[in-house]
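Chains as they are written, first to last, in our numbering: chain A, 1 to 454; chain B, 455 to 707; chain C, 708 to 1189. Report on the structure given below.
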Amino acid sequence: MSMSQEYVELFKAKEQLLEKASPSFMMNIREEAIHQFGKTGLPDHKSELYKYTSLQKLFEPKYNMQLQPSNVEFRVEDIFNCDVPNLQTRLEIILNGFYKVNGTALTRLDNGIIIGSFAEALRKYPELVKEHYAKHAGFEKDSLVALNTAFAIDGLFIYVPKGQVLEEPVQVVHLPMTGYDTMLHYRNLFIMEENASAEVIVCDHTLSPFRFLTNSVTEIYIGSGAQFHYSRIQNEHLNSNLLTNLFIHQEADSTVRSNTISLHGGLIRNNTNVLLNARGCNNETYGLFLSDKNQHIDNYVNIDHAKPECTSTQLFKGILNDQSTGAFNGRILVRQDAQKTLAYQTNNNILMSDEAKMNSKPQLEIYADDVRCSHGATTGQLDENALFYMQSRGIPRQEARLLMLYAFAHEVIEKIQVTPLKDRINHLVDKRLRNELSRCNNCSMACGDLPIPD
Amino acid sequence: MLSIKDLKVIVAEKEILSGINLDVKAGEVHAIMGPNGSGKSTLATAIAGRDVMDITHGSIKYMGENLLEMDPEERAKKGIFLCFQYPVEIPGVSMVNFMKTAVNEHRLFNGLEPLSAGDFLKYMREKKELVEFDSQLTNRSVNEGFSGGEKKKNEIFQMALLEPKLAILDETDSGLDIDALKIVANGVNTLKNKDNATIVITHYQRLLDYIIPDFVHVLYDGRIVKSSGRELALELEEKGYDWIKEEAGRQEK
Amino acid sequence: MENNHDEVIREVTQNEYKYGFYTDIETDTLPKGLNEDIIRLISTKKKEPPWLLEWRLKAFQQWKKMKMPAWAHLVIPKIDYQDIIYYAAPKQKASLGSLDEVDPELRKTFDKLGIPLDEQKHLTGVAVDAVMDSVSVKTTFSETLAELGIIFSSFSEAVKNHPDLVKKYLGSVVPSTDNYFAALNSAVFSDGSFCYIPKGVRCPMELSTYFRINAANTGQFERTLLIADDEAYVSYLEGCTAPMRDENQLHAAVVEIVALERAEVKYSTVQNWYPGDKNGKGGIFNFVTKRGICKGNDSKISWTQVETGSAITWKYPSCILKGHNSIGEFYSVAVTNNMQQADTGTKMMHIGRNTRSTIVSKGISAGKSQNSYRGLVRIMKNAENARNFSQCDSLLLGDKCGAHTFPYIEVDNSTSIIEHEATTSKVNEDQIFYCNQRGIGTEKAISLIVNGYAKEVLNKLPMEFAVEAQKLLQISLEGSVG
């Protein structure tokens, strides 16, 4: 039986369970999605999108598909505390792909803001979910999204009504914690209505040393004039693999800034898809990754300029050590209608070891003439002259290297606007560059250095 | 030669010029001064014909003709020359070829034979000496990699080649050291005669020590609020623009 | 004003195709279609040795198993390979005088194209191999060059006269099964140019091949093999034109270059195949595989191309930088207009230590055309201290065309430095106004600016071609003065 067929069979076997968790509109979408997945299967190395990341290999091992919330007797907060000093956040936990209820599953604040379990939102506000669900994350051309759409049940839901501001940043911690190799699918949906404003911080961690494959989809709708900041810190052990699929839909004059910091993990593939669907949007997408051992980190960004007078900026940087491999594939698409587009893309990489390998594929696809678009990509190593200069001033070579790497990384980190978070990430990156454990304060887990079980 | 009547101009939905009146006759030098943002450069560009503004009211007559109906190149060929505040770089196009094209377009317009490559080089050499222009620069691409001073000198050199009837110097003194300023001013003075006219747009009176104006106008808030002889420039240098602003304010009331 | 501007762009970009005439000459053609018999017939007609026929048949067997590449940013109509004539040779009248005599009709054709076949009349310093349809018509200056030991002849003659050299290097850079079009070419190639520069010889003149498609329904499949032995130098030019026809014609050529120790090869192309009419009817499908190998240390291969013609271009002149300290260069101007499509660029494969490559690509799109740069820079594991710099710019004239950049950068060595930059924009309004203010009309201004934009690449062309290329880009006098 082919790999894709296995998932079709699994879907059939679990149909009742899924049906219980889904209203009929959603069940229809699930069926379409699994049909689509069965038809196309996983993309292979011939696919331009997955030229540098082998999904086939990633899906080869046997995983248990997590389709029910886990029973945990202890409070996760007791063993896990990912605090950012001086930052008050509203902490939400997604444990093994399911919203961890701490009091109520869904909170409605005074100003109409709704935060909580996606599955619960589906029950309580089906119309609100239906308006956006699977509307921004198309699965027709994307098997990973199709697979998620077929199996994902829960995740985080945020709704900020017109003109409202989410005062406290939301911090979402995704935690896989099972006693066996597990595949997880979760689904986030964030809806920002007109002139709404919110800040979301996502942390990916792992709490047990098994093999994990997380395939998440996050759909974000940004209404006219809305502002949204999205920061993501990925810090997992070597056997934890992340496939993230982020879809951002922007309406007129809205602003989105996203920042992805990949500190550690097994295989990480971040797909970021942005649709600038009306005049005057601004989008900034930043990313930094640090890889070593046999890690593989691949960032894919697709910015679709569908309408005029939008601006997009991409900056992605990578520092690769040991036998790690990295990839960057950024695409700027400027449609015929999108006159007066400004679009920029930069990708810089540093190879620290002879065995590291970086593949970069920046692309411009432009069908409008009154535009300014550019991209630049560099791959190299630290400037020997600068190193020598510092050494001649008495700075040890190792320290000089660190200083330079730190400066290199800083350009991305400084784009984070929440100062405590920026400081925290600076600290984590610094520790990471010094090859120290990059665990959070009070964390009982050594995310970075778990042994790899066979 | 040039007659501007009640000119109103809107740029990016904002009225920049709100009723300008100006008469320039052959042989005259006019200075237009004013604080930043008063509309000086907009006036220069309106005369040269840049297509980024809406002229909502008024007229510009040049040698008895309606200037506003002409393309920028037609205005140029009829003798209007703008010394750009920020001369544009055109990578890959050599100065020589650029100016040869421009000079021959002018000649064609005036019913003259185009100059051959040899004759043009000769003509260029003469003019270079006239305005003390560095001969190396003509082999480079238009304005590319020129210093601020070189760019401005290059503008005067082009003016010498094209022999305009009406030259407009848009902040030509900005960013020049005193030596470059003298070279630029000498160039302008050398090219001056009784048949042509010059409009000098500047923020400071410094340049006017070297190019002596017959008239000085102060532009403020889109209007010429004061016109006088050369002494006005000295007064502005001494007292700054604040009293003009106050005076203009009083007139408003 | 806006309309006026469009009008000007239209005028600037819509020049007539000047080489669209057809020569009425009796032609010896094989029947349409592609099968083993046709390949055998081609081989027989050219009196080829059995090994070469075997080589062709092997390529054909492979080709049958292959699929047309679909990854390019191109819309290629279905091609019926059985509806193409694979061999067409102009019949020369029985020669009256010397063996070198060329049919007057052919001579006239090449005169009209600006390629005189009389050595006396010819531009000094350029030797020409003139190819019409499937065969080489005449190679000039062969004797002069032979005195230096340089072999410059049609491919067919080289197979006859220098079989060992051909056998040694044919397919050594572009294997017969490298890709779909290379395999097709290997099976049916009819002629082309062969050139060998012996050790230590600097070729004193530009060598040049002029390709002309004349016959209808005919594909052109020529093959060029160029070998520069140790410390040799040669500058090679290639030009091409075709009559205006309503149907598309296929051109699938292969060029192989071998540069040995300290050798240097400059290969320049001015490609002006018929691009089709403004509605996209007719025109050449130009599917070409060009590759050079810097086999020896300190060798250098430099590609310069000015691409203005063809309905569809699929072409990636590449360098394999195997020798230590070897250098690869790619300079390209690609202009597309009306319904033309181009997907062109280069591959730089860094294998040896201290290898260096430079890529400068300037795309200009007008009308409803699509113009893509696609390039690969690969730094292999042992390519210590490899360097690459790439600059890919696109200029858009009009709002119905597309300009795309698809670079692939694969780095497997930490001591290398790779830089890639690309920009896309339209002609700068400030520049146009600056020209206007100096009395230069918008049409001339655009042509000046476009020429200036392409200058960096045009400067790399040998003088004789630079002038031709500038004319092709609708350019006045830029560069001829000062």
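Glycine included, each C-beta is placed from N, C-alpha and C at the ideal position.
At least 3 beta-carbon pairs within less than 8 Å: the stretch 487-495 of chain B vs the stretch 650-660 of chain B: Short answer: they touch.
Backbone secondary structure at residue 1021/C - three-state DSSP: In the structure shown, residue 1021/C sits in a strand (DSSP, three-state: E or B).
Proximal residues to residue 180/A (C-beta, below 8 Å), its chain only, five neighbours per side dropped: The answer, listed in chain order, is 64 and 210.
Extent of the continuous beta strand (DSSP E) run through residue 577/B: Premise fails: residue 577/B lies in the alpha helix (DSSP H), 571-584, not in any beta strand (DSSP E).
Cβ of residue 1113/C within 9 Å of any chain A Cβ: It does; some Cβ of chain A falls within 9 Å.
Beta-bridge pairing of residue 189/A - partner residues as DSSP gives them: Residue 189/A is bridged to 157/A and 219/A.
DSSP bridge partner residues for residue 246/A (one or two, in chain order): Paired residue(s): 218/A and 272/A.
Contact under 9 Å by Cβ, residue 1038/C with residue 1006/C: No, Cβ-Cβ distance for residue 1038/C and residue 1006/C is not below 9 Å.
Under 7 Å by beta carbon: chain A residues contacting residue 1119/C: Neighbours of residue 1119/C in chain A, taken as residues at a C-beta separation under 7 Å, are given in chain order as 357.
Cβ-based neighbour list, residue 740/C, same chain, cut-off 6 Å, excluding 5 preceding and 5 following: Cβ neighbours of residue 740/C beyond the five flanking positions: 789.
Given 8 Å, three or more beta-carbon pairs between the stretch 609-618 of chain B and the stretch 552-568 of chain B: Enough Cβ pairs lie closer than 8 Å, so yes.
Residue 552/B in three-state terms, based on DSSP: Helix, per DSSP.
Proximal residues of chain F, C-beta to C-beta of residue 671/B below 8 Å: Judged by its chain identifiers, the structure shown contains no chain F, and its protein chains are A, B and C.
Proximal residues, the stretch 363-378 of chain A versus chain C, C-beta separation under 9 Å: Cβ proximity to chain C below 9 Å picks out 363, 364, 365, 366, 367, 368, 369, 370, 371, 372, 373, 374, 375, 376, 377 and 378 from the stretch 363-378 of chain A.
Local conformation of residue 680/B per DSSP, three classes: Reduced to three states, the DSSP call for residue 680/B is strand.
Chain C contact residues for residue 555/B, given Cβ-Cβ distances below 7 Å: Here the neighbours are 1147, 1151, 1155 and 1183.
Below-9 Å beta-carbon distance, residue 323/A vs any chain C residue: So no, residue 323/A is outside the interface.
Stretch pair the stretch 194-201 of chain A + the stretch 121-129 of chain A: three plus CB contacts closer than 8 Å: Note that the stretch 194-201 of chain A does not touch the stretch 121-129 of chain A; fewer than 3 beta-carbon pairs, one per stretch, sit closer than 8 Å.
Distance between residue 175/A and residue 1022/C (C-alpha atoms, nearest Å): Roughly 50 Å separates the two Cα atoms.
Residue-chain proximity (residue 536/B, chain C), Cβ-Cβ < 9 Å: Interface residue, yes.
Contacts around residue 760/C, its chain only, beta-carbon distance under 7 Å, and the 5 residues preceding and following it disregarded: Excluding sequence neighbours, residue 760/C sits near 747 and 750.
Below-9 Å beta-carbon distance, residue 1126/C vs any chain A residue: Chain A has a Cβ within less than 9 Å of the Cβ of residue 1126/C.
Pairwise C-alpha distance: residue 836/C and residue 915/C: C-alpha separation (whole angstroms): 6 Å.
At least 3 beta-carbon pairs within less than 8 Å: the stretch 1131-1141 of chain C vs the stretch 1098-1106 of chain C: Pairwise C-beta distances place the stretch 1131-1141 of chain C in contact with the stretch 1098-1106 of chain C, as three or more of them are shorter than 8 Å.
3 or more residues per run - each beta strand (DSSP E) lying fully within the stretch 1081-1125 of chain C: Segments of the beta strand (DSSP E) lying fully in the stretch 1081-1125 of chain C: 1094-1104 and 1109-1118.
Contacts around residue 612/B, its chain only, beta-carbon distance under 8 Å, and the 5 residues preceding and following it disregarded: For residue 612/B, same chain residues with a beta-carbon under 8 Å away, outside a window of 5 residues either side, are 535, 553 and 556 in chain order.
Three-state secondary structure (DSSP) of residue 609/B: Secondary structure of residue 609/B (DSSP, three-state): helix.
Same chain, Cβ closer than 7 Å to residue 699/B, neighbours up to 5 away in sequence not counted: The residues are 674.
C-alpha gap between residue 1189/C and residue 583/B, whole angstroms: Confidence at residue 1189/C is low in this model, with a pLDDT of 22, below 50, so the placement of that residue should be treated as unreliable; the coordinate-derived value is given next. About 17 Å.
Residue 27/A, DSSP secondary structure in three states: The three-state secondary structure of residue 27/A, taken from DSSP, is helix.
Cβ of residue 349/A within 9 Å of any chain C Cβ: Between residue 349/A and chain C, the shortest Cβ-Cβ separation is below 9 Å.
Below-9 Å beta-carbon distance, residue 314/A vs any chain C residue: Judged by the 9 Å Cβ criterion, residue 314/A is not in contact with chain C.
Partner residues on chain C for residue 44/A, Cβ-Cβ distance less than 9 Å: For residue 44/A, no chain C residue has a Cβ inside 9 Å of its Cβ, as the nearest lies near 14 Å away.
Burial state of residue 527/B (16 or more Cβ within 10 Å): Buried.
Residues bridged to residue 526/B (per DSSP): DSSP, once it has assigned bridges, lists no residue as partnering residue 526/B.
Residues sharing a beta bridge with residue 1010/C, DSSP: In DSSP, residue 1010/C forms a bridge with 974/C and 1037/C.
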